[in-house]
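Working notes, structure below.
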Amino acid sequence: MSRVRKFVSERVASVPPSGIRRFFDIAATMEDVISLGIGEPDFTTPEPILRAGVESLERGETHYTSNSGLMELRRAIAEHLDRLYGQTYNPASEILITVGVSEALYLACAATLDPGDEVIIPEPCFVSYAPEVTFAGGVPVMVPTYAEDGWQVTAEAIEAAVTERTKAILLGYPNNPTGAVMSRKRLNEIAAVVKQHDLLVISDELYDRLVYDAEHVCFPSLPGMYSRTILLMGFSKAYAMTGWRIGYAAGPAEILGMMRKVHQYTIMCAPTVAQYAALAALKEGEPYVQEMRAEYDRRRRLIVSGLNEIGLTCVEPQGAFYAFPSIAITGMDEETFAERLLHE
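Mind the numbering: the sequence shown is residues 171 to 514 in the working numbering, read in order.
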């Protein structure tokens, strides 16, 4: 052990480095590697959104905004959620603009978890979910999902994981990396478990606009779920704005107030230029969302068909832009398969 090791937080040290980042580092040393591993659109941010960002800089909009973000943007988000899902939020107290959905997730965990609180997380899931819970002092409780269920978590599996320490469920649908979309029936069943055990739900719905042949059900729009849900949304995927680092959280004012407190002491506010770009995305971005979604749909059908043809069985994803094939036929574990795929 090094002499400085005693200064390192055991909580942080207990979290292993991201496996996918290790493969990115390996790939960076190689030539002609085509990366299919990162959750990023290959489209450039649409021109009206770019223009809005540039124009905000030219106007001198280079100062802090309020901690919660531009009021004009928060109003536009409230209108957007009401129009799509019939869910109303007060832009003054129930919407918080964040540095991507990643910050929104961090704030949700930091504002709600005490040491030892358990958070149920269906897996496979986004790589940051369990670490963020751990960093906040919580305990991630992983619940597996299965291809035969379309990678949808069941209410029975969640209920079986509930203990007296359970405080929240962290849902990520449409799902990264499986592309699963939860049915309304299954979400209603989960909502019943939430009410029965008096739980909070953190619902990451970043891919809500990228759904194919299915319905996206916004969790807080379900009966009785608004007051129990922190909704995490953003602009990175649907509008091809990953590098702008802009997202938001919506939920009950009391919880959002606690998240805002953490936000104001750590970040202060999301980047001003990105907020103006996000506003343009909501006002002018819809045709581009439809165009990109159609292309993702074409690719989805192509790659799933190809994977199944070579024996890597793959459930057809209904959302996001991922395919999640089974490699069981190869007899390899995932790391060996990924390394051989990279090198051979």
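For each residue, glycine too, the CB sits at the ideal point set by N, CA and C. Remember, predicted model here, so these are calculated numbers, not experimental data.
When rounded, the separation of the alpha-carbon atoms in residue 325 and residue 208 is 30 angstroms. Boundaries cannot be given for residue 208, as no beta strand (DSSP E) includes it and DSSP labels it neither H nor E. Every unbroken stretch of the beta strand (DSSP E) spanning 3 or more residues and falling wholly within the segment 387-475 is given here in chain order: 399-404 and 417-420. Between the segment 404-411 and the segment 449-458 there are three or more inter-stretch CB-CB distances shorter than 8 angstroms, so the stretches are counted as touching. In terms of Cα proximity to residue 392, the closest of 363, 237 and 282 is 363. When the alpha-carbon of residue 186 is set against those of 491, 441 and 300, the nearest one is in 300.
Rounded to the nearest whole angstrom, the C-alpha separation of residue 415 and residue 234 is 16 angstroms. Here residue 390 is buried, its C-beta having at least 16 other C-beta atoms within 10 Å. For the 8 angstroms CB-CB criterion, residue 305 and residue 181 form a contact. Within a 10 Å sphere around the beta-carbon of residue 236 sit fewer than 16 other beta-carbons, which makes this residue exposed. The segment 280-294 and the segment 250-263 do not touch, with fewer than three beta-carbon pairs separated by less than 8 angstroms. The count of Cβ pairs closer than 8 angstroms, one atom from the segment 346-362 and one from the segment 493-508, reaches three, so the stretches are in contact.
Residue pairing for residue 373: DSSP places it in a beta bridge opposite 341 and 401. In this structure residue 253 is exposed. Its beta-carbon is surrounded by fewer than 16 other beta-carbon atoms within 10 angstroms. For the pair residue 429 and residue 281, the CB atoms are nearer than the 8 angstroms cut-off. Annotation for residue 218: the continuous alpha helix (DSSP H) segment containing it runs 217-228. Nearest to residue 423 by alpha-carbon distance, out of 174, 266 and 221, is 266. Taking the CA atoms as reference points, residue 303 sits about 13 angstroms from residue 341. Counting every other CB atom within 10 Å of its CB across the protein chains shown gives residue 202 a total below 16, marking it as exposed. Under the DSSP assignment, residue 254 falls in the alpha helix (DSSP H) whose first and last residues are 241-255. Of the candidates 381, 230, 479 and 418, the residue whose Cα lies closest to the Cα of residue 490 is 381. In the three-state DSSP reduction, residue 326 falls in the helix class (H, G or I). Under the Cβ criterion (8 angstroms, minimum of three pairs), the segment 187-197 counts as touching the segment 505-513.
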